[in-house]
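Q: Here's a structure for you.
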Amino acid sequence: MSLPRLIRLATQKKSICNGKSIHARVIVSGSEPDVQSGNHLLTMYAKLGLIDYAQKLFDRMPVRNLVTWTSLISACSQMGLSEKALDCFREMILDDRITPNHYTYVAALSACAQAMAPRNGKEIHARICKIEETVNSFVNNSLVNFYGKCGLLKSARLVFETISEPNSVSCVSLITSYTQSGDNDEGLSIFLRSFRIGVKISEFTYVSILHACAALLILDFGKQVQALAVKSGVRIDPYVVTCLVNLYVKCGDLERASRALREAEKPSITAWTALIGGCVHLGRSKEAIDLFHKLISAGLKPSEQTFACVLGAFSRDGEIKGGIQLHCLIIKLGVKPFIFVSNALLDYYAKLGFLCDSFKTFSEMDACDIVSWNALIAGCINAKSYDIAIRVIQGMLLEGFEPDTYTYSSLLSVCGDLPAAEWGKQTHCCIIKPRLDANVVVGSALVDMYAKCGRLNDARNVFDTLPRKNLVSWNAMIGGYAQHGFGREALDIFGIMLRNGVKPDDITYLGVLSSCGHVGAMEEALHHFGSMTKEFGITPRTDHLACVVGLFARKGQTKEAYDLIRNFGMPLSKSLDPKDTSAHVMLSNIYADSDMWSEASEVRNLMEEKAMKKEAGYSWT
Numbered sequence: 001m002s003l004p005r006l007i008r009l010a011t012q013k014k015s016i017c018n019g020k021s022i023h024a025r026v027i028v029s030g031s032e033p034d035v036q037s038g039n040h041l042l043t044m045y046a047k048l049g050l051i052d053y054a055q056k057l058f059d060r061m062p063v064r065n066l067v068t069w070t071s072l073i074s075a076c077s078q079m080g081l082s083e084k085a086l087d088c089f090r091e092m093i094l095d096d097r098i099t100p101n102h103y104t105y106v107a108a109l110s111a112c113a114q115a116m117a118p119r120n121g122k123e124i125h126a127r128i129c130k131i132e133e134t135v136n137s138f139v140n141n142s143l144v145n146f147y148g149k150c151g152l153l154k155s156a157r158l159v160f161e162t163i164s165e166p167n168s169v170s171c172v173s174l175i176t177s178y179t180q181s182g183d184n185d186e187g188l189s190i191f192l193r194s195f196r197i198g199v200k201i202s203e204f205t206y207v208s209i210l211h212a213c214a215a216l217l218i219l220d221f222g223k224q225v226q227a228l229a230v231k232s233g234v235r236i237d238p239y240v241v242t243c244l245v246n247l248y249v250k251c252g253d254l255e256r257a258s259r260a261l262r263e264a265e266k267p268s269i270t271a272w273t274a275l276i277g278g279c280v281h282l283g284r285s286k287e288a289i290d291l292f293h294k295l296i297s298a299g300l301k302p303s304e305q306t307f308a309c310v311l312g313a314f315s316r317d318g319e320i321k322g323g324i325q326l327h328c329l330i331i332k333l334g335v336k337p338f339i340f341v342s343n344a345l346l347d348y349y350a351k352l353g354f355l356c357d358s359f360k361t362f363s364e365m366d367a368c369d370i371v372s373w374n375a376l377i378a379g380c381i382n383a384k385s386y387d388i389a390i391r392v393i394q395g396m397l398l399e400g401f402e403p404d405t406y407t408y409s410s411l412l413s414v415c416g417d418l419p420a421a422e423w424g425k426q427t428h429c430c431i432i433k434p435r436l437d438a439n440v441v442v443g444s445a446l447v448d449m450y451a452k453c454g455r456l457n458d459a460r461n462v463f464d465t466l467p468r469k470n471l472v473s474w475n476a477m478i479g480g481y482a483q484h485g486f487g488r489e490a491l492d493i494f495g496i497m498l499r500n501g502v503k504p505d506d507i508t509y510l511g512v513l514s515s516c517g518h519v520g521a522m523e524e525a526l527h528h529f530g531s532m533t534k535e536f537g538i539t540p541r542t543d544h545l546a547c548v549v550g551l552f553a554r555k556g557q558t559k560e561a562y563d564l565i566r567n568f569g570m571p572l573s574k575s576l577d578p579k580d581t582s583a584h585v586m587l588s589n590i591y592a593d594s595d596m597w598s599e600a601s602e603v604r605n606l607m608e609e610k611a612m613k614k615e616a617g618y619s620w621t
């Protein structure tokens, strides 16, 4: 059997032992291999991943041709040794006897893309334009890929425009470049153009397009892309399935996401995780936990992201036993050392109020990041342990960690809850220095802090200077005015908010209805109470109802208040304790103030039947 044939067999079988034996036989024979045999051996070592052996063989070859150089450059590029590949290319072009071909250029441009070396790539492109009359399609594809990976999208687009017949490789390179840079609209535009001119769409293209649809939240277009993939007979590989699940999850269509996962032959753990994460995000924690059980039953090993998502589901559900069992599984599978999982565990215990477990998890972490500190701080604040939260922040600063937007938001939350206006102002100064006050999260926290501290002018100044406001910003300002009795100002802010096209939520309406109570605006309160459901689809809660009922009561319209409660059909909150003495006394007094003596008497009789007795008040001083 010929030497090239033996080498090919060793390469195909990925047998390092056989490959080395063949080379040893050549050396023992005493005859130096010719350049062709040397090239075969070099290619074999490269394909077997033995780049050091390939380099040694290359150095000992007395004669090298274009194939020799190209094989080594290509091998280095494929092994991720981009700098070494470019060094080989530079050395090769110094030899006037060697002229690179399209295989050489493709390997060199691939190395430039890996190394993010735009200058080297541009030099190679200039050399191609100078020497080559026509540019090979493989080279054009590599140029598009190189410019795209380096973020030079205009250059990538210019090269793409010069291709007379674009193929699926050049299209997917350009589309991926645009989508990865965040310009998803342009990526979709190129996809549509490619489809119209008859370019065959590969599964890699579908991955990029579905990713763009998910980023832009365009569900209908995503459905059409899926239908096109099925119609075209494209292999729906695990990557495409993952992108489909991710698309439907981000667009809030969990049913279609579940169907895509069920219909997949072998869905990846990433697809499972995407669906579990989607369920958690949409508040369907029980479904997320059920999916995790199915995943385990299917014999799949969860990733660290999977564990983080499921821990989020347990914390949302307030599930203690399940979370502890999951922690045990994490330790058993040896996943805990990953900082991502440790942070999720820390956050889980913090949200459930188990500060001791949070601190224990934190102390056992091999390394921590700013996310770890933020989770611990947030846990302390949720537990109203503000002094501990301050000490944690001080410890974080001593460890050399720079506060980020979430750290500052947490600190401002402490200042607002205490309240501690002076601390808040000092924190505000620290925020201004790194120019974080323009950040919408930090800005909203500043508004909320000043409002809770009663510094409404400061809150309004921050609010007015925010370059971008979100719903939290508006709610903080409305709630601040409402809390301190400035009802008309709160209602004015609400009007501006609606004119700006911001959709209110249930928290917004709580501030609005409370403000109506402060200014005695009965008709306005009833209008807003009705518009909650009619205009925005918000179901009123007990506290919304209480605002309107309280307004009726203050106006002496107890019959209307009673009718509203009776006709509303809302189940009473569990927090309305039927054995609460003070509530009964208050209701009796309301009836008495309105000269409704029979009703007041009924309440008193009810108290006697329940053996309820009002405790005498006393002072601590």
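full-length UniProt numbering numbers the first residue of the sequence shown as 1 and each following residue consecutively.
Glycine included, C-beta positions come from ideal geometry on N, C-alpha and C.
(1) Does the Cβ of R64 have 16 or more other Cβ atoms within 10 Å, making it buried, or fewer, making it exposed?
(2) Please state the DSSP three-state secondary structure of K503.
(3) Quick one: what's got a C-beta closer than 7 Å to M396's C-beta in the same chain, skipping five residues either side?
(4) Using C-beta distances below 6 Å, list every residue in its chain close to P238, excluding the 5 sequence neighbours before and after it, in chain order.
(5) If you run the structure through DSSP and keep just helix, strand and coil, what is E399?
(6) Can you list, in chain order, the residues of its chain whose CB lies under 7 Å from that of F463, leaving out five sequence neighbours each side?
(7) Can you list, in chain order, the stretches of the alpha helix (DSSP H) that have 4 or more residues and sit fully within the region 509 to 559?
(8) With DSSP as the reference, label K610 as helix, strand or coil.
(9) Taking only the alpha-carbon atoms, compute the straight-line gap between L564 and V549 and give it to the nearest angstrom.
(10) Which residue wins for smallest C-alpha separation from L254, given the options A600, G277, G233?
(11) Decide if S575 is buried, meaning its Cβ has at least 16 other Cβ atoms within 10 Å, or exposed.
(12) Which value, in whole angstroms, describes the spacing of the CA atoms of L498 and Q483?
(13) Sort A561, K503, L333, T581 by Cα distance to S594 and report the nearest one.
(14) Compare the Cα-Cα distances from C430 to each of I320, A264, D404 and report the closest residue.
(15) Go through its chain and collect everything with a Cβ distance to K555's Cβ below 8 Å, but skip five positions before and after it.
(16) Once you ignore the five residues that flank G479 on each side, which residues in its own chain have a CB closer than 6 Å to its CB?
(17) What does a CB cutoff of less than 6 Å around Q114 pick up in its chain, not counting 5 residues either side in sequence?
(18) Thinking just about the alpha-carbon of each residue, which of V67, K47, G487, E524 is nearest to the one in H518?
(19) Can you find the residues in the same chain that come closer than 8 Å, C-beta to C-beta, to K200, ignoring five residues on each side of it along the sequence?
(20) Secondary structure at S601, three-state DSSP: helix, strand or coil?
(21) Looking only at C-alpha atoms, which of Q325, K266, H281 sits nearest to H293?
(22) Using the rule of at least 16 other Cβ atoms within 10 Å of the residue's Cβ for burial, across every protein chain shown, is F224 buried or exposed?
(23) For V310, count neighbouring C-beta atoms within 10 Å of its own C-beta (all shown protein chains included) and say buried if the count is 16 or more, exposed if not.
(24) Is there contact between the region 366 to 382 and the region 347 to 354, where contact requires at least three CB pairs shorter than 8 Å?
(25) In terms of alpha-carbon separation, which member of G80, T242, L551, G252 lies closest to T270?
(26) Here's the rule I'm using: 16 or more other beta-carbon atoms within 10 Å means buried, otherwise exposed. How should K610 be labelled?
(27) Please give the ranges of any beta strand (DSSP E) in the region 372 to 419, keeping only runs that are unbroken, at least 3 residues long and fully inside the region.
(28) Over what stretch of residues does the alpha helix (DSSP H) that includes E319 continue unbroken?
(29) Under the three-state reduction of DSSP, which class applies to S594: helix, strand or coil?
(30) With three or more C-beta pairs closer than 8 Å as the rule, is the region 104 to 123 touching the region 140 to 155?
(31) Would you mind working out which of A383, F146, D369 sits nearest E402, comparing C-alpha positions?
(32) Given a cut-off of 8 Å, decide if I289 and G322 are closer than it, judged by their beta-carbon atoms.
(33) Taking only three categories from DSSP, how would you classify K469?
A: With the given structure in hand:
(1) Translated into positions along the sequence shown, residue 64 becomes position 64. It counts as buried.
(2) Numbered from its first residue, the sequence shown carries residue 503 at position 503. Here K503 sits in coil by DSSP.
(3) Start at 1 with the first residue of the sequence shown, and residue 396 comes out as number 396. Counting only Cβ-Cβ distances below 7 Å, and skipping sequence neighbours, we find W373.
(4) What you label residue 238 is simply residue 238 of the sequence shown in a count that begins at 1. Cβ within range, chain order: S268.
(5) As a working note, residue 399 is residue 399 in the sequence shown. Coil, per DSSP.
(6) As a working mapping, residue 463 is identified with position 463 in the sequence shown. If we look at F463 and ignore the five residues flanking it on each side, its Cβ neighbours are V447, S473, M477.
(7) 522 to 536, 542 to 554
(8) Along the sequence shown, one-based indexing puts residue 610 at 610. Coil, per DSSP.
(9) Residue 564 sits at position 564 when you count from the first residue of the sequence shown. Residue 549 sits at position 549 when you count from the first residue of the sequence shown. C-alpha separation (whole angstroms): 7 Å.
(10) Residue 254 sits at position 254 when you count from the first residue of the sequence shown. Closest option to L254, Cα to Cα, is G277.
(11) Taking the first residue of the sequence shown as 1, we reach residue 575 at position 575. Only weak support is given to the placement of S575: the predicted model assigns it a pLDDT of 49, under 50, and the question is left unresolved by the model.
(12) Here residue 498 corresponds to residue number 498 of the sequence shown, with the count starting at 1. Here residue 483 corresponds to residue number 483 of the sequence shown, with the count starting at 1. Rounded to whole angstroms, L498 to Q483 spans 21 Å at the Cα level.
(13) Taking the sequence shown and counting its residues from 1, the one referred to as residue 594 is at position 594. Residue A561 is the option with its Cα nearest to S594.
(14) Residue 430 sits at position 430 when you count from the first residue of the sequence shown. Closest option to C430, Cα to Cα, is D404.
(15) Within the sequence shown, numbered from 1, the residue matching residue 555 stands at position 555. For K555, where only same-chain residues beyond five positions count, the Cβ hits under 8 Å are G520, M522.
(16) Your numbering for residue 479 matches position 479 in the sequence shown. So the list reads G511, once near-sequence residues are dropped.
(17) Along the sequence shown, read from residue 1 onward, the residue named residue 114 stands at position 114. Answer for Q114: S82, listed in chain order.
(18) The residue labelled residue 518 in the question sits at position 518 within the sequence shown. Taking only the C-alpha atoms, the option nearest H518 is G487.
(19) One-based indexing of the sequence shown puts residue 200 at position 200. Hits under 8 Å: N167, S168.
(20) As a working mapping, residue 601 is identified with position 601 in the sequence shown. Three-state result, S601: helix.
(21) Translated into the one-based positions of the sequence shown, residue 293 becomes position 293. Answer by Cα proximity: Q325.
(22) To locate residue 224, count along the sequence shown from 1; it is residue 224. According to the sequence provided, residue 224 is Gln. The question's Phe does not apply to it. So Q224 ends up on the exposed side.
(23) The residue labelled residue 310 in the question sits at position 310 within the sequence shown. Answer is buried; the Cβ neighbour count reaches 16.
(24) yes
(25) For the purposes of this step, residue 270 is taken as residue 270 along the sequence shown, with counting starting at 1. Of the candidates G80, T242, L551, G252, the one whose C-alpha sits nearest the C-alpha of T270 is T242.
(26) Start at 1 with the first residue of the sequence shown, and residue 610 comes out as number 610. So K610 ends up on the exposed side.
(27) none
(28) What you label residue 319 is simply residue 319 of the sequence shown in a count that begins at 1. That residue, E319, is in no alpha helix (DSSP H); it is neither H nor E in DSSP.
(29) Indexing the sequence shown from 1 puts residue 594 at position 594. Note: S594 maps to coil in three-state DSSP.
(30) yes
(31) As a working note, residue 402 is residue 402 in the sequence shown. That would be D369, whose Cα lies nearest to the Cα of E402.
(32) Taking the sequence shown and counting its residues from 1, one reaches residue 322 at position 322. Taking the sequence shown and counting its residues from 1, one reaches residue 289 at position 289. For G322 and I289, yes; Cβs fall inside 8 Å.
(33) For the purposes of this step, residue 469 is identified with residue 469 of the sequence shown, where counting begins at 1. DSSP places K469 in coil when its eight states are reduced to three.
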